[in-house]
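Asks: Per the working numbering, the very first residue in the sequence shown carries number -7; after that it's consecutive.
A virtual CB, placed ideally from N, CA and C, is assigned to each residue, including glycine.
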Amino acid sequence: MNTTLSQATPQALTEAATLIRQGELVAFPTETVYGLGANALDPQAVLRIFAAKGRPADNPLIVHVAEKTAVEPLCVLNANARLLMERFWPGPLTLLLPKRPCIPPEVNAGLDSVAVRMPSHPVARAFLRACGVPVAAPSANRSGKPSPTTAAHVLRDMDGLIPLILDGGPCDVGVESTVLSLTGDAPTVLRPGGVTPEMLRQYLPEVRVVDSVMRPLRPGESAPSPGMRYKHYAPAGEVVLVSGAPSRVIARCAALYDAAEQSGQSARILTVDEHLSGYGARRTLSLGTLADPETIARSLFAALRRMDDEGAARIYCEAFSQNGVGLAIMNRLGRAAAFRIVDADAEVAP
Ligand code: TXA
Ligand code: MG
-7 MNTTLSQATP QALTEAATLI RQGELVAFPT ETVYGLGANA LDPQAVLRIF AAKGRPADNP
53 LIVHVAEKTA VEPLCVLNAN ARLLMERFWP GPLTLLLPKR PCIPPEVNAG LDSVAVRMPS
113 HPVARAFLRA CGVPVAAPSA NRSGKPSPTT AAHVLRDMDG LIPLILDGGP CDVGVESTVL
173 SLTGDAPTVL RPGGVTPEML RQYLPEVRVV DSVMRPLRPG ESAPSPGMRY KHYAPAGEVV
233 LVSGAPSRVI ARCAALYDAA EQSGQSARIL TVDEHLSGYG ARRTLSLGTL ADPETIARSL
293 FAALRRMDDE GAARIYCEAF SQNGVGLAIM NRLGRAAAFR IVDADAEVAP
């Protein structure tokens, strides 16, 4: 199959909508990451998503809509859902709600709930409007790779597997949407994202965050969100996070880097603008500025992909504050590092 990469011209949007209605896949930009879309009401089309991504069938998909009113046929809304939709849609917030019968089990892995979201990216909205059907879409990466934040990332993973990629430029948020379950006793964040727990608590003070967001699952422990079972976001090289006071973090990252290089392993340091000068001639990549953590979220997945492109074997990454969007950043980094975290403030064993 030939994969076309196209700007979102009116003709390309019409073609994209035709493909979706024919049961084909189209990759499209959202404000978070690129999505790989199929008609959510067509089970055969939905199955193509799993094949193209190499995704386990028991990992449910998010259903995307162009308008708030378009979710009513898909799920049972409650007062909390209406409040949050009013405040945060369109935007990077996915709501888990009891599903209605029209949702095929291929979309939500046969669960009682369905994940719904209304993205804010203008191309996503134009695409969804043109489709005229709800669109099931996971991130448009091959399973296990970092989510794509540019059309070039999508092409890298999906070339030859899908007919069309709509190019809407680099994604603004850079990490996937916040997944909030509204099906249990308390509203619970299953995956932190662009809409932070702090923002949600302004409207629903009882919002909780599952504690497995910042640790690996225990053997036999069931994942709050099926996607959390799988290895995610991991470059081929080994990622190690280094936490602690900034001066000690810089010293420890530099020492770990030097040791790796001395043993013949290609090393990199992921840092921030403010710390670059502390690393001298070592190979570093700044993720953004501490003054604006959203810059770090935006560049994170591109940086992880670049580590693979450069063949990095050891990647030492400064840990960040878990406040605000920092929780989403640290959740993705923690999993990329398989939660290998070095405490730079602790004494080094002699
Ligand atoms: O920003 C985003 O959310 C992007 C863009 C394309 O919208 N999409 C995305 O989809 O990240 P995906 O499939 O990569 O991640 C969806 C997450 C997975 O962890 C999945 O397990 C969880 O949401 N999820 C979806 N439906 C669920 C359900 N019914 N119950 C529990 N978790 C669910
Ligand atoms: Mg994904």
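Is any non-hydrogen atom of the ligand TXA found closer than 6 Å to the C-beta of P197, if you look at the structure I gave you?
Replies: P197: no, Cβ never under 6 Å from the ligand TXA.
Asks: Quick one, which of V317, N31, Y308 has its alpha-carbon nearest Y249's?
Replies: Ranking V317, N31, Y308 by Cα distance to Y249 puts Y308 first.
Asks: Under the DSSP definition of a beta bridge, which residues are partnered with I54?
Replies: In DSSP, I54 forms a bridge with A107.
Asks: With a 10 Å radius around its C-beta and 16 neighbouring C-beta atoms as the bar for buried, classify D104 as buried or exposed.
Replies: Exposed.
Asks: Under 7 Å, do P96 and P35 count as touching if we go by C-beta distance?
Replies: Their beta carbons are under 7 Å apart, which means P96 touches P35 by this criterion.
Asks: Assign F312 to one of three DSSP states: helix, strand, or coil.
Replies: Three-state result, F312: coil.
Asks: Which runs of the beta strand (DSSP E) fall wholly inside the segment 200 to 281 and span at least 3 residues, in chain order?
Replies: Complete beta strand (DSSP E) runs here, min 3: 230 to 235, 259 to 263, 276 to 278.
Asks: What are the start and end residues of the beta strand (DSSP E) that includes N31?
Replies: Taken as a continuous stretch (DSSP letters only), the beta strand (DSSP E) holding N31 covers 27 to 31.
Asks: Assign R306 to one of three DSSP states: helix, strand, or coil.
Replies: Three-state DSSP puts R306 in a strand.
Asks: For V108 versus V63, is the C-beta distance shorter than 7 Å?
Replies: Yes.
Asks: Report yes if the CB atom of H113 is closer than 7 Å to the CB atom of P21, and no otherwise.
Replies: For H113 and P21, yes; Cβs fall inside 7 Å.
Asks: Got a sec: does the ligand TXA put a non-hydrogen atom nearer than 6 Å to the Cβ of E286?
Replies: No, since every heavy atom of the ligand TXA falls outside the 6 Å radius drawn around the Cβ of E286.
Asks: What are the residues that DSSP puts in a beta bridge with S173?
Replies: Beta-bridge pairing links S173 to L88, T180.
Asks: Between the alpha carbons of G102 and L147, how many angstroms are there, rounded?
Replies: G102 and L147: Cα-Cα distance of roughly 30 Å.
Asks: Is the segment 324 to 342 touching the segment 226 to 245, taking contact as three or more C-beta pairs under 8 Å?
Replies: Flag = yes, the segment 324 to 342 and the segment 226 to 245 touch.
Asks: Given A49, which residues of its chain have a CB within under 6 Å of its CB, disregarding the five upstream and five downstream residues?
Replies: Around A49: F42.
Asks: Decide if E23 is buried, meaning its Cβ has at least 16 other Cβ atoms within 10 Å, or exposed.
Replies: When all chains shown are included, E23 counts as buried.
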